[in-house]
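Residue numbers (my numbering), protein chains in the order written: chain H, 69 to 183; chain U, 3 to 113.
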């Protein structure tokens, strides 16, 4: 089954404790992206990657890092999480950067709480 | 990428058509218009996209104004399963590949 998976689905942590949220897709997609969703603010793009070893900032990259060492995985790293990073996070992928109209497929979401 | 504006919420009766509006007055000539929806407790899912002419698929229709400053997503017969937040997105096909979702329209379908 074609899908985007995220782990963990739920995470409660404390300020300053480094964490990684994994994202994996099995559709051989070049493009992957991370979003956060907050009440009243909708979905905002954090980082995106057009292919392996190519990443770029979205609208709200502060406090986050990403890496794209292999095509299927795009982990989101919070080196020193803070309470304002408490949010619902979504990973997404799409088939090619040559056709930006291609559908983005979203993962199920990761609910992060930073105390 | 152009900013889009949508009403915060709309209501519709079941089995009736729904017209969800979106304004994108700063859209450029090459920006595509995408619509996604987010069902409760799920990630967003693709609905439809277009550039200039009206588009139809099995889920919905997209009507794009002639000046492209606005568009309307049309659900021909709303069902209870269509209750979701609908996002209109303008996206530039070259350059940054950023997606700006905005806050969307929460559609409530009444039985």
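For each residue, glycine too, the CB sits at the ideal point set by N, CA and C.
All values reported here derive from a predicted model rather than from experimental measurement.
Limits of the beta strand (DSSP E) - the one that residue i falls within
i, result
"residue 110(H)", "110 to 119"
"residue 158(H)", "155 to 162"
"residue 78(U)", "Taken as a continuous stretch (DSSP letters only), residue 78(U) belongs to no beta strand (DSSP E), as it is neither H nor E."
"residue 71(H)", "Premise fails: residue 71(H) is in no beta strand (DSSP E) and is neither H nor E."
"residue 179(H)", "178 to 182"
"residue 145(H)", "144 to 146"
"residue 105(U)", "Counting along the chain, residue 105(U) falls outside any beta strand (DSSP E), and DSSP gives it neither H nor E."
"residue 39(U)", "34 to 40"
Cβ neighbours of residue i in the same chain (closer than 6 Å, five flanking residues each side left out)
i, result
"residue 46(U)", "38, 40"
"residue 63(U)", "76"
"residue 139(H)", "120"
"residue 78(H)", "179"
For residue i, three-class secondary structure by DSSP
i, result
"residue 19(U)", "coil"
"residue 83(U)", "helix"
"residue 10(U)", "coil"
"residue 96(H)", "coil"
"residue 59(U)", "coil"
Straight-line gap, residue i to residue j (C-alpha atoms, nearest Å)
i, j, result
"residue 157(H)", "residue 83(U)", "24 Å"
"residue 172(H)", "residue 30(U)", "22 Å"
"residue 21(U)", "residue 54(U)", "18 Å"
"residue 59(U)", "residue 174(H)", "20 Å"
"residue 82(H)", "residue 146(H)", "12 Å"
"residue 180(H)", "residue 154(H)", "5 Å"
"residue 97(H)", "residue 118(H)", "9 Å"
"residue 177(H)", "residue 161(H)", "13 Å"
"residue 43(U)", "residue 86(U)", "10 Å"
"residue 100(H)", "residue 48(U)", "15 Å"
"residue 109(U)", "residue 90(H)", "31 Å"
Proximal residues of chain U, C-beta to C-beta of residue i below 9 Å
i, result
"residue 176(H)", "43, 44, 45"
Proximal residues of chain U, C-beta to C-beta of residue i below 7 Å
i, result
"residue 171(H)", "48"
"residue 84(H)", "Those within 7 Å of residue 84(H) in chain U number zero; the least Cβ separation is about 29 Å."
Contacts of residue i in chain U (Cβ-Cβ under 8 Å)
i, result
"residue 158(H)", "45, 46"
Chain H contact residues for residue i, given Cβ-Cβ distances below 7 Å
i, result
"residue 104(U)", "110"
Contact list for residue i against chain H, beta-carbon separation under 8 Å
i, result
"residue 100(U)", "113, 116, 126, 127"
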